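Trainee: First, the structure itself, so that you have it in front of you.
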Amino acid sequence: MAPSVLFLLVWMIVPLAMTLYYSFQDYNLMMPDMRGFAGGLSYELLFTDPVFWDALLNTLLLVATCLLVTVVAGLALALLFNRTFVGRGIARTLAISPFFVMPVVTGLIWKYMLLDPVYGLFSWVMRSVGLEPVQWLSSYPLLSVVMMISWEWTPFALLILLTGLQSLPEDQLEAVRLDGANRWQEFRHIVLPHLGQVLYVVIMLESIFFLTSFAEIYATTSGGPGTATTNLPYYIYLGAFFQYDIGLSSAAAIGAVVLANIFAIFLIRFVAGNLNAGSQR
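Residue numbers 1 to 281, in the UniProt record's numbering, belong to the letters of the sequence shown in order.
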């Protein structure tokens, strides 16, 4: 395993080291010859930039809301598809299909086919019931992005949770049913504890992916209106490719790495604690 581990370390450490190096440099692509050591100036500018704090808040809201929606919807669908009914195979295929759509394509589908105030499906439904269409991307921009990402990632939670449900021993369910437990008690005391470790894995992986959401925002709202949908990845993109400020963008990237590691460490410790508690029981 040593060559693979070494390759992964180089693959991760070299870009991270370069990003850290440039975060302490005064480096603008419009003036490539005028560069030098800037110390902590980029970080000072970053922490005094109100757009950065808006982007950080939007990132946290996006991660928390998408996690809630995808985990709840994925669990509900997993419970549904764990049952036997006519056409279950076709329904499963349709349910997981959004996960195989590219993020940019997801953004374009939602922007033009679903949320468009004139030709979108949502507008047609609202006009059909006598309501005025809504300008989703301008009136509810962050909610629109949450719907796109949740639609794309709910199948991931569905697949993982459905796999966990299918590993649940049937004799446990039969035992609690013989004891007179209702559906809620069966779910609360048998199904949910069995899915505990699976849920933690889903939350950890989805948190990391939601922290790096970019393509959906790029293809639909471009971070707007204003900074309503600007998250950390899009903030870094704006700094690097619109302001050409490599120093500030690198400092923001280091901030994003720190935030991702805080999430990862917290979730890993949380998972490890629950695994240890489970093994002791």
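Even for Gly, the Cβ is constructed at its ideal location relative to N, Cα and C. None of the values given here were measured: they were computed from a predicted structure.
1. Touch check for the region 179-198 and the region 113-133: three-plus C-beta pairs under 8 angstroms?
2. Expressed to the nearest angstrom, what Euclidean distance is found between the alpha-carbon atoms of T154 and A38?
3. Note down, in chain order, each residue of its chain lying with its Cβ closer than 8 angstroms to the Cβ of S23, except the 5 sequence neighbours on either side.
4. Decide if I217 is buried, meaning its Cβ has at least 16 other Cβ atoms within 10 Å, or exposed.
5. Less than 8 angstroms between C-beta atoms, sequence neighbours within five positions excluded: which residues of the same chain meet that for Y140?
6. Measure the alpha-carbon distance for L159 versus T59 and round it to whole angstroms.
7. Around the C-beta of Y112, are 16 or more other C-beta atoms found within 10 angstroms, so that it is buried, or is it exposed?
8. Is the beta carbon of S123 closer than 8 angstroms to that of P225?
9. Tell me, which residues are paired with N28 by DSSP?
10. Using only CA atoms, which one of E174, A256, G164 lies nearest to I236?
11. Note down, in chain order, each residue of its chain lying with its Cβ closer than 8 angstroms to the Cβ of F81, except the 5 sequence neighbours on either side.
12. So if DSSP puts F37 in a beta bridge, which residue, or which two residues, is it bridged to?
13. Cα separation between A2 and N261?
14. Give the straight-line distance between the Cα atoms of F156 and V101, rounded to the nearest whole angstrom.
15. Considering only C-alpha positions, which residue in the set M18, L6, L205 is nearest to L267?
16. Straight-line CA distance for E170 to S144?
17. Which value, in whole angstroms, describes the spacing of the CA atoms of E186 and L192?
18. Report back the beta-carbon spacing between L232 and L56 to the nearest angstrom; my notes put them in contact at under 8 angstroms.
19. Nearest to L142 by CA position, among F7, T221, M30, L29, is which residue?
20. Identify, in the order they occur along the chain, each residue of the same chain with its Cβ nearer than 8 angstroms to the Cβ of T230, setting aside the five sequence neighbours on each side.
21. According to DSSP, is Q197 helix, strand or coil?
22. I'd like to check one pair, Q172 with I190: are the Cβ atoms closer than 8 angstroms?
23. Does the Cβ of E152 have 16 or more other Cβ atoms within 10 Å, making it buried, or fewer, making it exposed?
Mentor: Taking the structure as given:
1. no
2. 44 angstroms
3. S42, Y43, G247, S250, A251, A253, I254
4. buried
5. V134
6. 25 angstroms
7. exposed
8. no
9. D245
10. A256
11. R88, A91, R92, A95, L158, L162
12. Q25
13. 24 angstroms
14. 12 angstroms
15. L205
16. 40 angstroms
17. 9 angstroms
18. 6 angstroms
19. T221
20. V51, D54, A55, N58, I217, G223, G224, L238
21. helix
22. yes
23. buried
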